[in-house]
Every structure is written in C-alpha cells, then in structure tokens.
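Asker: The structure under discussion is supplied below as structure tokens; questions concerning it will follow.
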Amino acid sequence: MPRGYAGKFLEIDLSSGSIKDTVFSDEILKNYVGGRGLASKILWDRLGQRWETVDPLGPENIFLALTGPLTGINPGARICISGKSPQCNGIIGSTLSGEFPVDLRCAGYDGVIVTGKAEKPVYILVTDDHAETRSAEHVWGKEAIETIRALVKETRDLLKERKPNVGKIKEPSMIYCGPAGESMVRTAAVMQKISHAAGYGGYGAVMGSKNLKAIVAKGTKPLPSAANPETVKILLREIDRRLIERDRMRRWGTGYGGYEVGARQSSEPIRNWQEEWHNEERFGGPKFDLRYWVKRYWGDFNCSACCMKISVIKAGPYKGAITDDPDYEMQAYLGPNLGIFDPDKCIYLSALMDYLGFSGINGGNTLAFAAELYERGILTKEDLGFELKWGDVEAFENLARKIVKREGICDILAEGTYRAALKISEMKGVDAVKYAVHVKGVEVGAHGTRSGLDYNPIGYACSAQCGDHTSGVYDAYNDMGMVFLDSAVICSFCSHELIWDLYRAVTGWETTRDEWNRVLGRRIIQIQRATLLLGGPDIFWDPTLHDDNPPRFYEPLPSGPFKGKTTDRKTFEEMRKQYYKAIGWDGKGIPETEELRKLGLEDIDKALEKLRK
C-alpha cells in the first residue's frame, strides 16, 4: 500500500444493497492520484464504452466522493465529487471543503463509490472500517440546518450506544443534498456543513436520482502515514508561513472581490451580464466585516489560510440568515447579477441557496436568465405567476423555491440555463439561447472576458470543466497544475512548488511537475475531453460550435471605464487554434490519435473514431 492512502475505497450498490471494499493498484494511484484524476479513470473504465447512452440521472451513473493523498494535510480538508455530469454530460471534478473527507480517511477509506438507486431515501453511515445504509425518509425534503441537526443527533446517539467512548468525540460530518438535489434540479450542489458547496457539475441531482440524501462519516483512526514525516513537518511550516503571509486573502477572504472585480476590472456579472461594471462600495469583505461577520478567521481541518468568514444578518426582515461570507462568486451572482445592490438581500439569497442545496453560481445564473427573459417580454407574469423584476429579492426567492419544486414553467428552468433556453426558444418561437451565459451546459463563473483584465478569451471555451472558473485554460502545459490540485486533493490557493515537494514527501513517489504536466495530468484532461465530445443521451456537443464563449461576451461593454470593449472574435479564434495544437487536438477539437496512443489511451482513440469522420 502506498503511503498517504488509507488503502481502500468504499463501494455501495444501492440497488442490491451490496457493500464492499475496492482496492486500486499502486500503478493506478500513481498515475491518477485521486480526486478528479481517479474519478476520470473509474468513470471511463466502467462507463466509457457506452458513455453516450448513460443517463446522468439514471441508476447506471456512478456517484463518486474521492479524497487524495494530501487530503487532511494543510490546507487540504477537501473532497472531490464527480460522476457523469447532468449539466454537460461529461466528467467534472467539483471540490468542497470541510471535515467530512478527514473523517472518511480516519475511518479507513480514501473515497466512496455509489452505484444503483435505493428504493426509498437512504443515507450511508461510515465508521471505522465499516459502512451501512440507513433510512433517510425522515430528512427527505428537509433543508440544510434541519438535515444536519437530525443526522448528527441520530448518528451520535447510535455511536454512543455502540461504542460509548467513540460517541463522545466530536460530532460526525457529512456531505448531503438539499431539496434541489432531491428534485433532480440539474444545478443542484453537493453540500457540506451549511454553506460549503460542490456546485459545478450538478452532482446534488445525481445524489437525488439515487435516493441518497447524505453520506455521514465518523473516523477515529489516524490519518494515513507519510513516507517522509520529518520532511512533511518542515514543508508544512513553510506552507503555513506562506499562507499566513497572504494577508488580504486571510483577512477578507475571496469576498474582497465583491467591489474590486466590478469597480476596477469591469468583469462582474450585472443583470445577467448585460453589464460588468458597478461602483457599489457596500460590497466586499471590508464592508461586510463589522456589520455581518460573527466569525472572521474560519478554516477547515488543518487549514491556516482561514479565508472563510461567517456572516449573519443581525436585524431587519432578513434577521437570522447565516452564510459563509458570502464569497465573491455568491456576492456577484446573487447580488449585482440579479440587480441587487443591498448586501442584506444578497446575504439572504446566499443563505437561501445554501439551505436549498442549490448552486449559487449555476442557480444564480439561471435566476438572472429568467429575469432578463421577463424584462424582454419572453417570459410573462402569466408564465411565472408573479412579477420578476431586477432587485426584487422576494420574487427571486419565490422563483428559486418554485424551481426546486419544479412547479409550472419552473420545471423547465430546473433543467439549467442552457436546456431551459432551448425549450423556451421552442415554446415561445424566439431565440432565448443568446441570453444563456454558459459553456457546454455549465454556467460560467463570475469572471468576464471583455475588459481584458480578468478571464482570458479561451478560459471557459476550451476548458475540460466548461464554465468552471477555477479551471480555466490558457497554457496547455501549466494548466495541468489545477488538475493536480483537484486530484491530490488540496486547496487551489496552494499552487506553488512546495506542494510538489509535499506530495513527494507524503507518497514517496518521485513524480515531477514536468512529468505531470506532460503526461499524467494531460492524460486526465484527454479522458475528460473525450467524455464531453461523446456526450449524450440528450445533448451532444460539436466543438466547432460549442468550444466558444457565451454570445454576450462578444457584445461591447455598455458602461464603466472599459465601455465599448469586447472579446475580439479573431483573437479568440487564433488562441483557440493555438491551444488545440498545443494540447494535441485536431482542427475540430478532437484529441488526435498520436496524442492518445502516446498517453496509453488507445480505447479512447477507438471511441472517438466516429467523430473524426
């Protein structure tokens, strides 16, 4: 067994009820590491030959919650969620932080593989080298706080009864889906704690499709040992120092960008990206501090970055709403992008989306899309049952809840922005797709390309993770760094060279950054790319059409210091052409035979033959 790993993965078939341990060879772990990388390997090996026919919301899909060898080591309290994505029909690795991945590894497991579908709602309870399924009917339909309280109490009482000493230790941790996931809303998140979300990919809907409410873990064993523990200690001291030196991130979190990105970079979504500039100084960490924060330096297990902040509305009609900061993405998508410039209302909506298990980025994009259609008369009061105007927080709450319940036309919006745009276009006889801000079915992060100061023109368009703002592309060599962080699984704010030294000290493997960037990481990207191209069963992507930005990114900015600027089409096409060549794809964006064979992916090469004709 390699160092840095617990050595086994928990595999549960919810259809049959079978539970077993699955072990991967040292070679597979060395080549794919864990997290996003190992997810790609598992999904292709098991589903690849019939990828186009696998329904992401059917029992044949696989739900994966995978750690990596750096999980639990500062700052690595993260887990990667994956499967065939209900948004893009490819593979996305979506990470989130909390104590659950640490508890899972301390219980003796490196990850959980879930197949099939339970007859009735269940949750999985994982303890030291043991797992079982238990009824979740009493928490099905419950929002975040009720779910957490009920399952924590139930599992603590159970463990106290079974092992009195173990039951007294800190409370169990969990990942779970909210009502949005239960309704199979394609933009539903997998949640941890109240407000930590794996939002990209729509994997909350995959949990819901399997009648899986939660996975609860409580482990009491030590974390897996490192190959060179003394070297690890030395490296962690320096990593700690560098994290603490990032004063702005530690002091204000990513929420600092709530003002900066809009005012100074003209790159923040406003009213469904119709604009990207605002000068609202009430947004951003420094303005939230005294008014909302009740916990300023909050970090997950073993993390010294402490970039999270807990916000509570202390007075007024939204009193009691609690959320994490909100970070920049939530401030943008649930604030200015909805025409909301009152922080109270933004925090309230952020808390609401958390409680519902509804991705703030993806779901916030859909809310804004619907509001623009209403503004343009494409959707009406008769369609929705209420007026939907920019800045109206009660209307947006109503819309979000109706989407989660799939009521009326909101059943269409529950399919995500792109699929909803296709259906509304057909239903209304207009082109609603041009107002959908997505890349291959995945709503983009809150970073625009038009001002030239934030995202680059091909960042979303050519990414294996589509609209995921944390995985944008630019350089076919160095882009592999994010693939490594998602596979190791560790915080994306630790991309410096010391992480490679730490990885080698933990595992004992002498993998170099160059080997990863040229071979190992590239192999993972090509698997993800292949699944995107194969797609299905409802939508198939043509890279000549869909490796592109949303139409809105080619419209001139209407206001602010960069008024008139836009994403230049010729520049974009030239960059895309160069990127295709650098990453080993042909002129159509399909991985070339030579590239795939060099990486040992002959089966993928064969699967893609039909697309090259």
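So in our numbering, spot 580 of the sequence shown is number 583, and the numbers just go up one at a time. Using N, Cα and C, we set each Cβ at its ideal position, and we do this for glycine too.
In angstroms with no decimal places, state the Cα-to-Cα distance between G101 and I316.
Answerer: For G101 and I316, the distance between alpha carbons rounds to 23 Å.
Asker: Among K591, L560, E577, whose alpha-carbon lies nearest the alpha-carbon of T569?
Answerer: Of the candidates K591, L560, E577, the one whose C-alpha sits nearest the C-alpha of T569 is L560.
Asker: With respect to the alpha helix (DSSP H) encompassing D414, which residues constitute its N-terminal and C-terminal limits?
Answerer: It spans 413-416 - the alpha helix (DSSP H) in which D414 sits, taken as one unbroken run.
Asker: To the nearest angstrom, how far is the alpha carbon of G7 from that of L73?
Answerer: One C-alpha to the other measures close to 7 Å.
Asker: Residue range of the beta strand (DSSP E) that S176 falls in?
Answerer: Looking at the DSSP string, the run of the beta strand (DSSP E) that includes S176 is 176-179.
Asker: Could you tell me which of T70, A110, N365, P62 sits nearest to K213, measuring between CA atoms?
Answerer: Answer by Cα proximity: P62.
Asker: What are the partner residues of A191, as DSSP defines its beta bridges?
Answerer: DSSP lists F361 as partners of A191.
Asker: If you draw a straight line from the alpha carbon of E271 to that of N368, how long is it in whole angstroms?
Answerer: Cα to Cα, E271 sits roughly 12 Å from N368.
Asker: Over the uninterrupted alpha helix (DSSP H) stretch that includes L154, give me the two end residues.
Answerer: Note, L154: alpha helix (DSSP H), 147-165.
Asker: For the alpha helix (DSSP H) containing D131, list its first residue and its last residue.
Answerer: Taken as a continuous stretch (DSSP letters only), D131 belongs to no alpha helix (DSSP H), as it is neither H nor E.
Asker: Per DSSP, what kind of secondary structure is E14 in: helix, strand or coil?
Answerer: Three-state result, E14: strand.
Asker: Less than 8 Å between the C-beta atoms of T25 and I94, yes or no?
Answerer: No.
Asker: Which residue spans inside the region 458-542 form an unbroken beta strand (DSSP E) run of at least 3?
Answerer: Segments of the beta strand (DSSP E) lying fully in the region 458-542: there are none.
Asker: Does the Cβ of H281 have 16 or more other Cβ atoms within 10 Å, making it buried, or fewer, making it exposed?
Answerer: Classification for H281: buried.
Asker: On a CA-only basis, which of P546, K609, Q581, R532 is nearest G40? Give me that one, please.
Answerer: Closest option to G40, Cα to Cα, is R532.
Asker: Rounded to whole angstroms, what's the CA-CA distance from R274 to W301? Just pull it up for me.
Answerer: Each residue's alpha carbon lies about 31 Å from the other.
Asker: Quick one: grab the DSSP three-state call for W276.
Answerer: DSSP places W276 in coil when its eight states are reduced to three.
Asker: Leaving out five residues on either side along the sequence, give the residues of the same chain with a beta carbon under 7 Å from the beta carbon of V522.
Answerer: Counting only Cβ-Cβ distances below 7 Å, and skipping sequence neighbours, we find L602.
Asker: Taking 8 Å as the threshold (C-beta atoms), are L13 and Y112 in contact?
Answerer: For Y112 and L13, yes; Cβs fall inside 8 Å.
Asker: Tell whether a beta-carbon distance below 8 Å holds between G451 and N365.
Answerer: No, Cβ-Cβ distance for G451 and N365 is not below 8 Å.
Asker: Along the chain, where does the alpha helix (DSSP H) containing L425 start, and where does it finish?
Answerer: Per DSSP, L425 belongs to the alpha helix (DSSP H) from 420-431.
Asker: Based on the DSSP output, what are the partners of V440 in its beta bridges?
Answerer: Paired residues: none, contrary to the question.
Asker: Quick one: what's L67 bridged to in DSSP?
Answerer: S85, I116.
Asker: Per DSSP, what kind of secondary structure is M4 in: helix, strand or coil?
Answerer: Coil.
Asker: Starting from the Cα of K298, find the closest Cα among I84, S314, E284, C465 and give me that residue.
Answerer: Nearest C-alpha to K298: S314.
Asker: Suppose you measure from the CA of P564 to the CA of K23; what does that come to, to the nearest Å?
Answerer: Their Cα atoms are separated by approximately 59 Å.
Asker: CB-CB under 7 Å to V396, same chain, minus the five flanking residues each way: which ones, in chain order?
Answerer: Answer for V396: I343, K348, Y351, L352, listed in chain order.
Asker: Please confirm whether P124 and A134 have their CB atoms less than 8 Å apart.
Answerer: Contact: no.
Asker: Would you kindly report the start and end of the unbroken alpha helix (DSSP H) that includes T574?
Answerer: 572-586 is the span of the alpha helix (DSSP H), which, as asked, contains T574.
Asker: Taking W255 as the reference, give the member of G202, D328, R245, V440 with the closest Cα.
Answerer: Residue D328 is the option with its Cα nearest to W255.
Asker: To the nearest angstrom, report how far apart K426 and F399 are at their CA atoms.
Answerer: Each residue's alpha carbon lies about 21 Å from the other.
Asker: What does M311 pair with, by DSSP beta-bridge criteria?
Answerer: In DSSP, M311 forms a bridge with W301.
Asker: Whose CA, out of A192, A354, C180, Y377, lies closest to the CA of Q90?
Answerer: Checking every option, the nearest Cα to that of Q90 belongs to A192.
Asker: Could you check which residue in D489, T190, A318 has the C-alpha nearest to that of D357?
Answerer: Looking at the Cα atoms, T190 is the closest of the given residues.
Asker: For P175 and S454, I'd like the C-alpha separation in whole angstroms.
Answerer: Using only the alpha carbons, I get a separation of about 46 Å.
Asker: So, using beta-carbon positions, are R108 and P227 closer together than 8 Å?
Answerer: Yes. Within cutoff.
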